[in-house]
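So the structure is just underneath, and the comments pick up after that.
Dropping the structure here:
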């Protein structure tokens, strides 16, 4: 069984007018949900990453510290490897796991998300300027989490998958949730 990890990554969006928006994100390796993200026209700072780390732990574990060691997968950029960031990781019970130098493909989950995000959202929407991109990113992330099907999740979105893991008496569908596969019709 795959050990749960928080996967952090970064992407750049080039707008039609040449402005660049930088996005950092954090995903849960188990359910593929993008738990936290930040977007800016400036650089992504270590403080932004540390805020995302705290937000992820609070959102995922409903506590200020993960109940057990959780892998924290990132590239080896200075915003992730900074001493203060590593201190926060230790306080949150996150175990840093850095990709090798000049080997972004070794963080496949982050790279796969960047590819999907750019293909399904960035490249198919008009983005004349940074202001437009910044306005749309929240909507795109919400759509990804609630609508985008994943093969590894039985063709369910991250939120559908999370909902399916809850006991039937607390699920919003009263225990009737089916995967997209179950909802499809078959020909006789």
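Residue numbers (the UniProt record's numbering): 1 to 188. Cβ coordinates follow ideal geometry from the N, Cα and C atoms, glycine included.
Contact between the region 111-125 and the region 77-95 is absent, with fewer than three C-beta pairs closer than 8 Å.
Looking at the backbone, the Cα of residue 131 and that of residue 10 are separated by about 19 Å.
C-alpha of residue 27 to C-alpha of residue 129: approximately 26 Å in a straight line. Under the three-state reduction of DSSP output, residue 140 falls in the helix class.
Only buried fits residue 158, as 16 or more other CB atoms lie within 10 angstroms of its CB. The three-state reading of DSSP puts residue 65 in coil, since its state is none of H, G, I, E or B.
For residue 124, the secondary structure class from DSSP, reduced to helix, strand or coil, is coil. A buried status is given to residue 89, since no fewer than 16 other beta-carbon atoms sit within 10 Å of its beta-carbon.
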